[in-house]
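Per full-length UniProt numbering, the very first residue in the sequence shown carries number 1; after that it's consecutive.
A quick write-up on the structure given underneath.
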Amino acid sequence: MAIAEKETLGFQAEVKQLLQLMIHSLYSNKEIFLRELISNASDAADKLRFEAINNDALYGNDHELKIIVSFDKDAKTITISDNGIGMSRDEVISHLGTIAKSGTKEFFGKLSGDQQADAALIGQFGVGFYSGFIVAERIIVNTRRAGAFASEGVRWESCGEGDYSVEPIEKTNRGTDVILHLRDGEEELLSSWKLKSVIRKYSDHISLPIQMRKEEWDAEKNEQVIKDEFETINQASALWARNKSDVTQEQYDEFYKHVSHDFQAPLTLTHNRVEGRSEYTQLLYVPSHAPFDLWDRNKRGGIKLYVKRVFIMDDAEQLMPAYLRFIKGVIDSNDLPLNVSREILQESRDVKVIREGSTKRVLGMLEELANADEQEKKDKYTTFWKEFGQVLKEGIGEDATNKDRIAKLLRFASTANDSGEQTTSLAEYVSRMKEGQTKIYYVAGDNFIAAKNSPHLEIFRKKGVEVLLLTDRVDEWMLSFLTEFEGKELVSVAKGDLDLGALEDEAEKKEHEETETSYKDLVEKMKTALGEKAKDVRITFRLTDSPACLVADENELSGNLLRMLKAAGQNAPESKPILEINPNHPLVARLKNEEGDSEKFSSWAHILFDQALLAEGGSLSDPATFVKRLNEMLLSK
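Structural data, given as structure tokens:
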């Protein structure tokens with residue numbers, strides 16, 4: 001039943017904050033409001049096309065979808081009209097009174113006061129409608145949903161302050177009219193030339209015709225006169241359907257901003273028409289920065305699906321694997337049915353072919369940047385890796401077909417570079433391997449400093465052997481799937497027995513065997529003193545400066561990975577570490593001298609274990625007892 005009276009409602013709290021930002025010129029370029037409102041009108045037409053696939057009656061007698069932009073100098077208004085899907089009263093309240101997206105708290109938490117950065121966030125949240133308040137002191141929206149009666153029209157009105165009104169109106173045609181009542185000082189927008197230039201600059205890629213009334217010079221009146229005829233301002237053809245040679249970089253960039261709601265240009269793109277068993281066109285972009293919800297694996301992908309240029313759905317996640325969820329763009333298939341559903345997409349062989357082809361195309365884009373000689377492209381890959389590297393790593397475990405290609409794209413921090421930047425590829429590491437080195441060594445830590453200062457690296461520094469420093473949460477999980485690269489085994493320096501192979505000469509091996517024999521009794525006593533605390537105790541030669549370290553058994557999870565699993569609330573398997581002691585360290589020599597005093601010996605054994613645990617980033621289960629023991633040992637002679 002229609003509501004017959006005008007109703008005033010309050011904005012959602014987040015909308016109030018957003019409007020204040022808008023009104024104080026958050027956007028660095030005011031013209032963008034027109035792009036946002038035209039983009040919304042285009043989306044409304046796409047939604048009508050989609051719903052009309054199963055209900056052609058929604059078109060009524062008006063099958064020609066279009067957007068009309070007009071202005072009135074006397075009234076100081078600009079109007080953007082479309083004959084798309086329109087909105088019901090409930091939809092008006094939902095879409096224009098609320099930011100109907102999850103993550104609004106994160107959105108406002110990320111606002112920095114930097115206009116350009118904050119504008120980019122607004123784009124990601126898809127709230128471009130409110131950009132109208134940059135130039136308008138009042139906005140009126142008249143709308144009627146396709147299929148509804150003329151009496152079911154709705155008017156929304158607000159001055160961008162604390163509230164808005166909603167009332168029923170008579171509206172003879174479906175669709176939406178957005179009427180902007182301009183602020184003082186924005187009169188330059190009330191010009192046919194100005195509006196046309198903005199439309200051609202920002203919205204030329206829109207596949208709907210964007211029309212304005214024609215103007216001609218009236219010699220008698222000595223002024224421009226607006227006629228009743230309309231002219232199309234944009235090219236009004238699907239940009240992805242054009243030849244690449246006919247599309248400028250600026251047009252590609254503007255189309256990206258349209259499909260992604262991003263305010264920054266993309267890093268790179270690929271535009272291809274694929275023919276063969278499956279025919280489709282792909283226009284895919286790599287963004288220049290990560291979205292706020294990058295780590296939400298349940299979020300659908302950023303690919304819009306079209307069938308024969310008819311919009312089918314946003315965020316068609318079946319067309320791109322989860323580890324490439326940051327990719328934005330359009331895929332237009334000639335083979336899929338117009339009534340395709342998400343369920344059909346999951347089973348379709350054509351979709352599988354498109355997914356495989358698009359995945360390879362994206363990896364090809366990244367390879368072109370990663371392997372380029374030009375510094376500009378190298379810098380772009382560095383930017384890509386900082387923003388999306390951790391997500392790409394997921395592909396090692398999720399995409400066996402392309403695992404080798406992804407492995408070549410990986411970048412790591414390394415002991416060869418003190419900056420902590422992840423710039424070393426596996427291929428570069430292999431090219432720098434020492435003579436006789438057969439393995440790729442790595443160590444994992446909570447952060448770069450912890451990994452860089454790990455006691456497990458001491459022998460590697462002494463011998464000048466490079467070690468990769470892993471600090472991303474996904475790293476150790478990833479390396480459970482990536483066990484070798486170009487025939488070289490990837491080995492953790494903190495797991496299992498240390499085997500340096502040819503990097504260790506025969507004299508060293510003989511000396512080590514003799515030392516292990518001479519410390520056999522000490523090791524056995526330490527095992528007894530530590531009891532269930534340690535799985536084993538043994539002599540090590542991986543240390544040069546530290547007295548002891550903890551290692552995991554070859555087939556067990558590392559201490560770092562176990563801590564991450566527990567922190568994430570996961571059920572981590574119980575495993576005890578192995579304590580390795582450095583026979584050349586004064587503290588171990590002191591321990592050897594305390595063998596006759598069982599109480600002191602036990603205290604020293606526990607102190608060495610706890611120190612080793614702290615050194616690798618672990619936490620003590622009983623820190624008070626550790627401090628007490630340490631104080632007693634410091635005070636003892």
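C-beta: ideal position from N, C-alpha, C; glycine also.
Which residue spans inside the segment 451 to 530 form an unbroken beta strand (DSSP E) run of at least 3? 468 to 470, 488 to 492
Contact with chain C by Pro577, beta-carbon distance below 9 Å: Absent here is chain C; the protein component of the structure consists of one chain.
Quick check on the DSSP output: what are the complete beta strand (DSSP E) runs of length 3 or more inside the segment 292 to 341, in order along the chain? 302 to 307, 310 to 313, 328 to 333
Could you tell me which residues DSSP pairs with Val627 in its beta bridges? Per DSSP, none; premise fails for Val627.
Asp536 in three-state terms, based on DSSP: strand
Taking only three categories from DSSP, how would you classify Lys378? helix
From Thr104 to Glu215, what does the alpha carbon distance come to, in whole angstroms? Low confidence applies here, because Thr104 scores a pLDDT of 47, under 50, leaving its location unreliable; read the following figure in that light. When rounded, the distance between both Cα atoms is 44 Å.
Measuring CB to CB, does Ser431 end up less than 9 Å from Arg411? no
According to DSSP, which residues form a beta bridge with Asn272? Gln282
For Asp74, write down the residues that DSSP places opposite it in a beta bridge. According to DSSP, which records beta bridges pairwise, Asp74 is partnered with nothing at all.
Where does the unbroken beta strand (DSSP E) through Asp228 begin, and where does it stop? 223 to 232
Output needed for Ile122: all residues of its chain with C-beta closer than 6 Å, excluding positions within five of it in sequence on either side, in chain order. The pLDDT assigned to Ile122 is 49, lower than 50, so where the model puts this residue is not dependable; a value taken from the coordinates is nonetheless given after this. Closer than 6 Å at Cβ, skipping near neighbours: no residue.
Pick out whichever of Glu229, Leu522, Phe292, Ala150 has its Cα sitting closest to the Cα of Arg325. Phe292
Chain-order list of residues whose beta-carbon lies under 6 Å from that of Leu48 (same chain, five-residue window excluded): Gly84, Ile85, Ala146
Ala136 - partner residues in DSSP beta bridges: Leu182
According to DSSP, is Val247 helix, strand or coil? coil
From Ser602 to Gly364, what distance separates their C-alpha atoms? 59 Å
Please state the DSSP three-state secondary structure of Pro547. coil
Quick one: what's got a C-beta closer than 6 Å to His271's C-beta in the same chain, skipping five residues either side? Lys244, Leu283
Phe11 to Asp314, Cα distance in whole Å? 27 Å
Does the segment 63 to 70 come within contact of the segment 159 to 169, defined as at least 3 CB pairs closer than 8 Å? no
Roughly how many whole angstroms lie between the Cα atoms of Glu513 and Arg461? 22 Å
How long is the line joining the alpha carbons of Ser25 and Asp204, rounded to whole angstroms? Residue confidence for Ser25 is low, a pLDDT of 48 falling below 50, so the modelled location carries little weight; the figure read from the coordinates is stated next. Near 25 Å, if we compare the C-alpha coordinates of Asp204 and Ser25.
Residue span of the beta strand (DSSP E) that contains Leu579, given as start and end: 578 to 581
Alpha carbon to alpha carbon, what distance is there between Asp262 and Ala120? For Ala120, the predicted structure reports a pLDDT of 48, less than 50, and the residue's modelled location is therefore unreliable. The matter cannot be settled from this model.
Determine the extent of the alpha helix (DSSP H) in which Lys600 is found, giving its start and end residues. 598 to 615
I think Ile134 touches Phe33, with their Cβ atoms under 8 Å apart; what is that distance to the nearest whole Å? 5 Å
Bridge partners - Phe412, DSSP secondary structure assignment: Thr424
List the DSSP bridge partners of Ser165. Thr8, Glu157
What residue from Val537, Asp446, Ala407, Ala241 has the CA that sits closest to Val391's CA? Ala407
By Cβ distance below 7 Å, which residues in the same chain neighbour Ala45 in space, the five residues on each side in sequence not counted? Leu65, Asp82, Gly84, Leu208
Grab the span of the alpha helix (DSSP H) containing Met365 for me, first residue to last. 349 to 370
Between the beta-carbon of Glu466 and the beta-carbon of Ser414, is there less than 9 Å? yes
So Ile459 and Phe384 are in contact, right, with Cβ under 8 Å, and what is the actual spacing, rounded? 35 Å between Cβ atoms; not a contact.
Helix or strand or just coil, what does DSSP make of Arg432? coil
Once you ignore the five residues that flank Met1 on each side, which residues in its own chain have a CB closer than 6 Å to its CB? Residue placement at Met1 cannot be trusted, given a pLDDT of 44 that sits under 50; what the coordinates show is reported in the next sentence. Once the five neighbours on either side are set aside, Met1 has no close Cβ partner at all.
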